[in-house]
Structures are given as C-alpha cells and as structure tokens.
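Below: the structure, in structure tokens.
There are 2 protein chains.
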Amino acid sequence: MAKAQYDREEVIDKSLELFWRNGFSGSSMQQVVETTGLKPGSIYYSFGNKEALFKEALDHYARASLARIRTTLDSAPSVGEGLCLFLERMAGEAAKQEFRSCFLVKTQLELAADGGELHAFAAAKLREVEALFQSYLEREYDRETSRNRAAGIMLHIFGMRVYGYQPNSVDRMLRVLRESLPWLPWPDEP
Amino acid sequence: MAKAQYDREEVIDKSLELFWRNGFSGSSMQQVVETTGLKPGSIYYSFGNKEALFKEALDHYARASLARIRTTLDSAPSVGEGLCLFLERMAGEAAKQEFRSCFLVKTQLELAADGGELHAFAAAKLREVEALFQSYLEREYDRETSRNRAAGIMLHIFGMRVYGYQPNSVDRMLRVLRESLPWLPWPDEP
DNA sequence: CAACTTTTTGAATGTTTACTCAAAACGAGG
DNA sequence: CCTCGTTTTGAGTAAACATTCAAAAAGTTG
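Protein sequences appear in the order of chains G and A. Heads up: the first sequence is residues 1 to 190, going by this note's numbering. Heads up: the second sequence is residues 1001 to 1190, going by this note's numbering.
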C-alpha cells in the first residue's frame, strides 16, 4: 500500500473527540485504536506517539474555532452584533447536556503542571483567538481599548465554559453577559 | 498499634497538593505513596481507594476556600469592598508562576465526561461557594440582584482561573474586573 | 508483471497501574 | 504482662499502559 488506506482527517477527528472528552491522561492509546479502527502500528507509523497525535487534534480544533469566529463575525452587520451573537450562542451551547467545555481550555488546565510542549501549544492557540477578537475590535475602537475588551471577552468565554456545567445556567449567563459587557449592542429583551 | 501513627490531615494535605497539580488521572497511587510516605496497604486501609482519597482532598480544599471567603468578607468594612479585595487578590495570585488554577474547577472540567460522583461533588461545592457569595450580597441587594451578581462573580473567578496562565495578565485582568463589574466599589486607580 | 517502496498487521515488549492480603507489629484494657 | 482488636507492612496480583517490530500486504513505477 503506497498510499494510506484511511482518511487522515477522519482519524484526527475521532481522536479529537476522544481526547476532548477524556483529556490527555484520561485517554488511552487502546481507546484510540478502538475508536479509529486503526491498528497500533499504523497509528504510531503515521503520527509518532500519543503526544504528537494529541497535538494534531489540538491544532485541528483550534483551526475550526478560529474559522467559526471569523464566519460569525464576517457575516454579521457589525462587529458588535457579531460578538453578541457569538457569545449568546456560546451560552446556549454551554448549557447542553453533552457540553464538553473548550478543548484548549481543558488542555491548558490539565497540563499546566508539567509545563510541557502541549501546554505551551494550547496557550499559544488561545492567544491567537484573543488576537483575532482584538483585530475585529480594532475596526471600531482604538488599539488599547480593543486589547482590553478582547481580554474581557476571553475571560467571559472561559467563565462560561466552566459555569455551563451548573444547572439552569443559560438565563443567568445571558444576564451576566449583558451586565458585564455593557459596551456591546445587546438586542432588547423580549 | 491501636492508634494511627500518622496525622490524617497531613496525609490529605499532601495528597491534595499532588491531585491539585496533576489531576485525578494524572496522579498515580504510587505518587501518593511517595509523597505521603505511607505504604500502599495503609492508604487503602484508611481511605478505601483512589476516588475516596481524592474526594477527601476535594472536601478539604472546598472547606478552606469557603473559610477564606468568609474571613476576607467579614473583616472588610463592607461587602462590596471585601469583594473588591478578594477579586484583586485572586487576579494577583492567578498570575504567579506556581499558580495551579482552582482545584474544584480543574476537577469539574477533567471529570465532566464520566459524570461520576467526583464530578457531582465538585459541582456541588462550587454551588456552595456561589451561594455564599449570594448570601453576603443579600445584605446590600435584593435576592434576585444578589443571585445574578453572585453568578457574575463566579463567572469572573472561573475566567481568571484560566486566563491567569497567559503572560502579563494581571493588569489586564484588573482592568476587566473594573469594567465588567461596575457595581463594585473599586478603589481609585493610582 | 516484476521490482520497489510504503503501509499494515497484531502479537509481544517491558513498565506502570490500582489494589490486595496474610502475616507481623503494635497499643491499650484487664 | 498477656491478650485482643487495630494498624502496618511490602511483596504480590492481574489488568492496562504506551510503544515496538519483523513480517506480510499492497499500491506505484518502470
């Protein structure tokens, strides 16, 4: 077989699903073998080791997240309205049963102690997300204001990613968003 | 030996340190044996198993957290000023090198997938913390306002617990706090 | 279709995992 | 000081862990 028989993207997707759910230490390569259907040898042949596969999953996730932010903000009538939509949607998702927080945030917290490469990678990706928010905000505000407000958005995203596990959290989160980010053009309440 | 030879509190403290740093899956009972100095048999004799020991560590941590909140808010001239002090102190800690986030938050995120007893326990403790904030706020605001503002505080705590890993985050976090929680009596900036 | 390189296979590697248990050591009560 | 329930010991267990490898299989190329 001179060409791979499986779809590399699909394997990463399935691994991402597993790692996202159970974390790095909580996932075993045996589980990767089971969920991807590949044999151990194949996985190690094409990905190297557990850490490298995890990193590819992280990268995949980060790319998708950045793309989603861009899509939402680009298709909104204004940056502010796009951000409102994005945050409201996130609050709704965070309360769902199968909600799994953010893969980058989970990795950041899980691997903070060893300070290894994966932790640094996740931190860098989170910084990319923040920079993306800042660049959109700079269309409407000066650099310093944009920087601070991007930080505020990140902090609220982190907060919602954790707070979402509490029951009946959606309404409360939406209220907090309106009160804590008053500079955003929130739609009138029904 | 009719009475235990070691200090139970001390063993839990050392286990807490380990679990806090590395998480549940990331910590091994071998490491517990090494850091506590107890033999495997002794640990299992007095704590049952890994999960039970972890739960005791969680409980220990939660108790200390609640006590710290009470101490800070009771000794402040007003609830609002106490909260400002508490949040500012947390922002400062979150940026320190050896910062390890919040043990309850880490556990909440790590064990969300299996939805087991430990996850429920951590969630319940976080709810206790929120209820404590709410009860203090009710001294100055009505019940509904207090409930929402307590949620806002929790969300900001969660956010800071994650955002703290970014470099140079203290100043930015302090600014976000002032802008996002404008109802608190922040001291004038120098 | 043969020669060659890439990919797959799956059993086997040695290590680490959580946890157990029978026997020994011990302190306290009579 | 002897007896009895409690605690400690640490070697030992079986399962799970990440990873490897020589051999087989399969696509590509001339």
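Glycine included, each C-beta is placed from N, C-alpha and C at the ideal position. It should be emphasised that the depicted structure is a prediction, and the values quoted were computed from it without experimental measurement.
Around G1164 (chain A), the same chain offers A1094, A1095, F1099 as residues with beta carbons nearer than 7 angstroms, after the five sequence neighbours per side are excluded. At a Cβ-Cβ threshold of 8 angstroms, G152 (chain G) and S1180 (chain A) count as neighbours.
In the structure shown, the three-state DSSP call for P40 (chain G) is helix. Restricted to the region 16 to 94 of chain G, the alpha helix (DSSP H) segments that are unbroken, complete and at least 4 residues in length are 29 to 36, 40 to 47, 50 to 74, 79 to 94, listed in chain order.
Not a single CB atom of chain A sits nearer than 8 angstroms to the CB of F86 (chain G).
DSSP places Q134 (chain G) in the helix class (H, G or I) of the three-state scheme. DSSP places S180 (chain G) within a helical segment (H, G or I) once states are collapsed to three. Between E1009 (chain A) and S1028 (chain A), the alpha-carbon positions lie close to 20 angstroms from each other.
Chain-order list of chain A residues neighbouring N22 (chain G): A1113, by C-beta distance under 7 angstroms.
By the criterion of at least three beta-carbon pairs nearer than 8 angstroms, the region 170 to 186 of chain G is not in contact with the region 1065 to 1077 of chain A. Q30 (chain G) is outside the set of residues whose beta carbon lies under 8 angstroms from a beta carbon in chain A. Under a criterion of Cβ atoms nearer than 9 angstroms, the residues of chain G adjacent to Q1166 (chain A) are, in order, A123, L126, R127, E130, A151, M154.
In chain order, E1056, A1057, H1060 place their CB closer than 7 angstroms to the CB of I1012 (chain A), counting only its own chain and leaving out the 5 sequence neighbours on each side.
According to the DSSP assignment, A112 (chain G) belongs to no alpha helix (DSSP H), since it is labelled neither H nor E. In this structure, the beta-carbon distance from S1078 (chain A) to L1053 (chain A) does not fall below 8 angstroms. Against chain G, a Cβ distance below 7 angstroms from G1159 (chain A) picks out L155, H156, F158, G159. Restricting attention to A:L1018, A:I1043, A:F1019, A:R1021, the CA atom closest to the CA of D1007 (chain A) is found in A:I1043.
With a beta-carbon spacing of about 27 angstroms, C1084 (chain A) and W1020 (chain A) fall beyond the 8 angstroms limit used to define contacts.
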